[in-house]
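Enquirer: What follows is a structure written as structure tokens; I'll ask about it next.
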Amino acid sequence: MAIIAVSKMKGQDIANAVLPGLGHVVAFFIVLGGLAFNIGNVAGGGLGFNALTGISTTIGSIITAIICIIIFIVKEAGTAMDRIVRVLVALMIFLTAYVMLVSSPPYIEALLRTAAPAEIDIMTIITVVGGTVGGYITFAGGHRMLDAGIAGKENLRHVTNTSITGIIVASIMRVLLFLAVLGVVSGDVTLNPDNPTATVFLTAAGELVFGCLGLSFGRQVLLQ
Numbered sequence: 551m552a553i554i555a556v557s558k559m560k561g562q563d564i565a566n567a568v569l570p571g572l573g574h575v576v577a578f579f580i581v582l583g584g585l586a587f588n589i590g591n592v593a594g595g596g597l598g599f600n601a602l603t604g605i606s607t608t609i610g611s612i613i614t615a616i617i618c619i620i621i622f623i624v625k626e627a628g629t630a631m632d633r634i635v636r637v638l639v640a641l642m643i644f645l646t647a648y649v650m651l652v653s654s655p656p657y658i659e660a661l662l663r664t665a666a667p668a669e670i671d672i673m674t675i676i677t678v679v680g681g682t683v684g685g686y687i688t689f690a691g692g693h694r695m696l697d698a699g700i701a702g703k704e705n706l707r708h709v710t711n712t713s714i715t716g717i718i719v720a721s722i723m724r725v726l727l728f729l730a731v732l733g734v735v736s737g738d739v740t741l742n743p744d745n746p747t748a749t750v751f752l753t754a755a756g757e758l759v760f761g762c763l764g765l766s767f768g769r770q771v772l773l774q
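Numbering (my numbering), first residue to last: 551 to 774.
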């Protein structure tokens, strides 16, 4: 991300400068990763609409996709989108932390198994790491800063701090969500496979927080 900002070049252009033709390969994998990750984002929006309104996740995902297309077409929506996302992300973190505290997960056991897991699953590790910093995410952040005019050596500190903050927030969110789910399933609650996250929030905190979950999950609409 820092290289993109300082060079003021897009990722694929940097790759082409290093080795002619490499940029096309990088662009292909970015598109492939973006497709995979955004399918997940659209599905997340569908789960949010399901929690908020009770409509099916399929219909919710379709509505999410339509809203994303509109936001993509209307460039002026970018500034408002960024402001709304900040509020929704803060709401999501607060709600997840609250559910974690209410569900009372086995903190000591979780800490112990983090340092000494009973079973090491490589695919799980790849999924968590990839979902946090992998795929197209690094390029997307760098390119958004380029589009916003935040580039050059004079903005390197800002770019670096933004990158670190983003990774820290994403990691904290995943830890909170894991502990919240752990607390609920430790109480012999069976998660609904159609909307497992909603089951966690509804079981631990009731209808009000469940509805707020749907609203905060609506941030997926804005994160495409």
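Every residue gets a Cβ at the ideal spot worked out from N, C-alpha and C, and that includes glycine.
Everything numeric in this text was worked out from a predicted model, so none of it was measured.
What is the C-beta distance between I643 and L732, in whole angstroms, given that I count them as a contact (C-beta under 8 Å)?
Expert: Incorrect: roughly 17 Å between the Cβ atoms, too far for contact.
Enquirer: Going straight from the alpha carbon of K703 to that of I554, what length do you get?
Expert: K703 and I554: Cα-Cα distance of roughly 11 Å.
Enquirer: Between L602 and the ligand ATP, is there a pair consisting of the residue's CB and a ligand heavy atom that are separated by less than 7 Å?
Expert: Absence of the ligand ATP is noted for the structure shown, with no ligands found whatsoever.
Enquirer: What's the C-alpha gap between G571 and A565?
Expert: Those two C-alpha atoms are separated by around 8 Å.
Enquirer: Would you be able to state if there are at least three C-beta pairs under 8 Å between the region 712-726 and the region 579-591?
Expert: The answer is no - the region 712-726 does not touch the region 579-591, with fewer than three Cβ pairs under 8 Å.
Enquirer: Quick one: Cα of A552 to Cα of T749, how far?
Expert: Rounded to whole angstroms, A552 to T749 spans 40 Å at the Cα level.
Enquirer: Does the beta-carbon distance from V639 to F751 come in below 8 Å?
Expert: No.
Enquirer: Shortest alpha-carbon distance to G590 belongs to which of A567, G691, A615 and R707?
Expert: When each option's Cα is compared against that of G590, the closest is A615.
Enquirer: Just the Cα atoms here: how many angstroms apart are M631 and S557?
Expert: Cα to Cα, M631 sits roughly 27 Å from S557.
Enquirer: I'd like the list of long-range same chain contacts for S713, defined as Cβ closer than 6 Å, with 5 residues on each side in sequence excluded.
Expert: Excluding positions up to five away in sequence, the list reads M551.
Enquirer: Output the distance between the C-alpha atoms of A701 and T710, rounded to the nearest integer angstrom.
Expert: Cα-Cα distance, rounded: 11 Å.
Enquirer: In three-state DSSP terms, what is M631?
Expert: Of the three classes helix, strand and coil, the one that applies to M631 here is helix, per DSSP.
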